[in-house]
Structure formats: C-alpha cells, structure tokens
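Numbering (this note's numbering), first residue to last: 2 to 386. Written out below as structure tokens is the structure these notes cover.
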Ligand code: TXA
Ligand code: MG
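Rendered as structure tokens:
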C-alpha cells in the first residue's frame, strides 16, 4: 500500500482543506496517523469492525488490547457509553479536551473489536487542533492507539510514524512534534471509585485534588505478577524493550541521607568532586552523585568491551566520559523529560548499543509518568547505589 503524507502548514490553525482527504479516508474505513498533544495516534473508524482489524494488523498488536475512541465534542460521548458517572462529568469539565482518557461502560454502538472484547470503552477528547478538527470532519469517533509498531516506543514526530508505518496505512498527517510526549492518563470511571490505570500529564495529584477518592491500579506501581490481570490490558505487555539492555540507576535512601548531611564524609567528598569538575553549574549534590555513579557503571561496561550509551540531563551531560550520551532534558522541567523520553529511546535503538545506563528522576507529578515508562522499558531492572 502506498502511504500518503500531508504536512499541515500551521498546526495550531489547520485549514479544513488540508484535512478533507484524511477525514474521508477515516469515514470510509481506512487508516490515518495524526498528531495529538500526547503522542501520534493511528486512527480508524471506531464504529467499524474492519477498521479496528486493520489497526491491529498494521501495529502487529494483540487484538485483546482495546483501543481508545477519540471524540471532538462532549455531545459525541453520549452515544458511545451506557452512563456518564458524576466523577466523569467533573473530570471532563476540568480536563477535556486534553491528555485524559476515561473508561466507561460501553453502549451497543461500539463494537467489541474496538474494545478487545470488554464491556467498557475508553474515550478521550484530544486538545490538539489537528486531531480535534480531523475527528470533527471525519464525523465518526476515531479509534486510535499510539502509531508505533507494537513493542516500539510511541511516536512523537511524523518521522517516527513513517519509520514504523510506511506502506502499512493510507495516510500520515504531519502536524510537527507533539507537545507532551507521553500517552494520556487513563482513569476508569465505570466503578464506584475512580481507578488510575495509566499515569500521564494529568497527574495523580491533580486527580486526587478534584475527585477526593482515587484508587491506583497495581499495574501502575510495578511489574504485574503472573496471573494478575491489570485493568488496562495494555499494561500487561512488556510495553517496549530497547534493543540494548536498559538499566536504571537510583539512589538508596541511605545515600540521600548522607548527601543531605553537611559534614558527612560522602557530602564533603562529593562537594569537593563537584567543585573540582567545574562543569556542573546549577546542579544539586544528589544529581551530581547520581551522574558519577551512572558514569562509573557505564565506563566499567565499556572497558569490558561492550558498546554503551547513557541517558542523562542537560545539567549532567558534560560530566560523562562515555561517547554515546543523550540528554532527556532538564531536571528543572519534568515536561522536558516527558517530551524527549521516547525520542531518546528510539535513538538508542538506531545506534544499536548493547547497554544503556540511565539516571532516574523524581517520582512526583509528571515525573511519575516518566519513571513509569522508563521503568517498564528497563523491565524494572533498577540498580541501587
Ligand atoms: O495518549 C494516548 O492515549 C494515545 C493517543 C493516540 O491518544 N493513545 C494511546 O493508545 O496511548 P494505546 O492503544 O497505545 O494505549 C491504550 C491503553 C492500553 O493500555 C489499553 O489496554 C487501555 O488503554 N485501554 C483501552 N481501552 C480500555 C478499556 N476499555 N479498559 C481498560 N483499559 C483500556
Ligand atoms: Mg501504545
């Protein structure tokens, strides 16, 4: 199949003429990849069995892993679901359109092929102007998983989509790089208490503040044990594993305590080292120490003859003696880390390194979603130092 490409001139203000053909393809059962504020999606008509079949085939995705239906206005929600609970009304008012997906009891309009056989349906109203206008023009709800081959990082640029989907889908709409870079937050509102199924840019803190009560699905917190079924079926798959072995390096509580104690041997030693290095302006002692440890682990592997890469930050990159290093952004902005994570992981795949050592990041707000994706990519392989 030939895959057409359309470049949107001004992605903040797409013109309808630029989107008519893509909308027609969607309406007629074809597949179109398009930008959203989170990651690029691979869209098909959510009401059409054959379209969802094509999505699973193009991604190489197991067909029991349900798809998210995307809408462009609140009126489009009613026909897709059996009821809209109070919690969902609150969430929609606060965060739609935006990077939030909600799971509802499904209506008979939504085929089981879209929901992977479940009696619930996941729905999201994206805020990205290209996504929103395209869905509106298509006139149907658009089922869209991330537009990557199953097992690869989600695409954050049209070039990533092209790498994975060229020849497999009808069209790619290029609206430039996405804003957030991580998939939407998923909240199940179908039960008595809302449950967080996947962390994202609408953070746990924001949800708790709005809802009061919020349960966290165990699959969000760590590896899923054998025999346990996570509520978001996608969380059970080893989502993405880089070609090289990824190891996350994290500080022990005890190390943090020592580094926080002025006058402790570790504090004095690290401060001296940081001052001598002279390359680390604006860096705190903990991050400097972590970078030294990541560097040491990477250098040891490199000396043993392996090809090694490092995932670091703008503040620490100068500290590394390793040749293959990529900054995920700045520690001062969790948004920058989220934005670059998948791009960096794709770069390491292209480079074909044997081992990747990564700094770890704070586990609050958007950092929680960053650490969730990074830990999953590492197969929960964490080295404590
Ligand atoms: O940001 C996003 O959500 C992107 C963009 C394109 O909108 N989409 C996305 O879709 O990440 P996907 O298919 O890669 O991930 C959807 C996740 C999967 O983990 C799936 O198991 C879960 O949502 N999911 C979908 N329907 C569900 C349902 N009815 N109940 C529980 N989990 C569901
Ligand atoms: Mg995905």
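Idealized CB from N, CA, C, for every residue including glycine. Since the model is a prediction, treat every value here as computed from it, not as a measurement.
{"query": "Going straight from the alpha carbon of residue 207 to that of residue 76, what length do you get?", "result": "25 angstroms"}
{"query": "Flag this pair as yes or no: are the beta carbons of residue 214 and residue 292 separated by less than 8 angstroms?", "result": "no"}
{"query": "Check whether the Cβ atoms of residue 56 and residue 112 sit closer than 8 angstroms, and answer yes or no.", "result": "no"}
{"query": "Skipping 5 residues on each side, what residues in its chain have a beta carbon closer than 6 angstroms to that of residue 123?", "result": "69, 102 and 104"}
{"query": "Going by beta-carbon coordinates alone, are residue 371 and residue 342 separated by less than 8 angstroms?", "result": "yes"}
{"query": "So, for residue 288: in the same chain, excluding its five sequence neighbours on each side, which residues have a beta-carbon less than 8 angstroms away from its beta-carbon?", "result": "314, 316, 317, 332 and 360"}
{"query": "Taking only three categories from DSSP, how would you classify residue 40?", "result": "coil"}
{"query": "Is DSSP giving residue 147 helix, strand or coil here?", "result": "strand"}
{"query": "Please name the residue, chosen from 61, 177 and 88, that lies closest to residue 210 on a Cα-to-Cα basis.", "result": "88"}
{"query": "For residue 189, which of helix, strand or coil comes out of DSSP?", "result": "strand"}
{"query": "Thinking just about the alpha-carbon of each residue, which of 74, 200 and 190 is nearest to the one in residue 364?", "result": "200"}
{"query": "Would DSSP call residue 349 helix, strand or coil?", "result": "helix"}
{"query": "Would DSSP call residue 359 helix, strand or coil?", "result": "strand"}
{"query": "Check whether the Cβ atoms of residue 224 and residue 40 sit closer than 8 angstroms, and answer yes or no.", "result": "no"}
{"query": "Is the closest heavy atom of the ligand MG to the C-beta of residue 184 under 7 angstroms?", "result": "yes"}
{"query": "Output needed for residue 159: all residues of its chain with C-beta closer than 6 angstroms, excluding positions within five of it in sequence on either side, in chain order.", "result": "173 and 175"}
{"query": "Output the distance between the C-alpha atoms of residue 168 and residue 334, rounded to the nearest integer angstrom.", "result": "37 angstroms"}
{"query": "Should residue 1 and residue 35 be called a contact, given that it needs their Cβ atoms to be closer than 8 angstroms?", "result": "Examination of residue 1 is not possible in this model, given that the chain is present from 2 through 386 alone."}
{"query": "Report buried or exposed for residue 233, applying the criterion of at least 16 other Cβ atoms within 10 angstroms of its Cβ.", "result": "buried"}
{"query": "Tell me whether residue 64 counts as near the ligand MG, meaning its Cβ is closer than 7 angstroms to at least one heavy atom of that ligand.", "result": "no"}
{"query": "Report buried or exposed for residue 10, applying the criterion of at least 16 other Cβ atoms within 10 angstroms of its Cβ.", "result": "exposed"}
{"query": "So is residue 269 buried or exposed if we call it buried at 16+ other beta carbons inside 10 Å?", "result": "exposed"}
{"query": "With a threshold of 7 angstroms (Cβ to nearest heavy atom), would residue 146 be considered close to the ligand MG?", "result": "yes"}
{"query": "As an exercise, report each continuous alpha helix (DSSP H) stretch of at least 4 residues that is fully enclosed by the region 195-221, in chain order.", "result": "205-212"}
{"query": "At a threshold of 7 angstroms, does residue 53 count as lining the ligand MG (C-beta to nearest heavy atom)?", "result": "no"}
{"query": "If the criterion is Cβ atoms closer than 8 angstroms, does the pair residue 32 and residue 110 meet it?", "result": "no"}
{"query": "Are residue 218 and residue 196 touching if we call contact CB-CB under 8 angstroms?", "result": "yes"}
{"query": "Over the uninterrupted alpha helix (DSSP H) stretch that includes residue 161, give me the two end residues.", "result": "159-166"}
{"query": "Mind checking whether the beta-carbon of residue 298 lies closer than 7 angstroms to any heavy atom of the ligand TXA?", "result": "no"}
{"query": "In the DSSP assignment, find the unbroken alpha helix (DSSP H) run with residue 61 in it and report its ends.", "result": "Here residue 61 belongs to no alpha helix (DSSP H), and DSSP marks it neither H nor E."}
{"query": "Which ranges would you report for the alpha helix (DSSP H) in the region 300-349 if only whole runs of at least 4 residues count?", "result": "none"}
{"query": "Reducing DSSP to helix, strand and coil, say where residue 46 ends up.", "result": "strand"}
{"query": "Excluding five sequence neighbours on each side, which residues of the same chain lie with their C-beta closer than 7 angstroms to the C-beta of residue 90?", "result": "none"}
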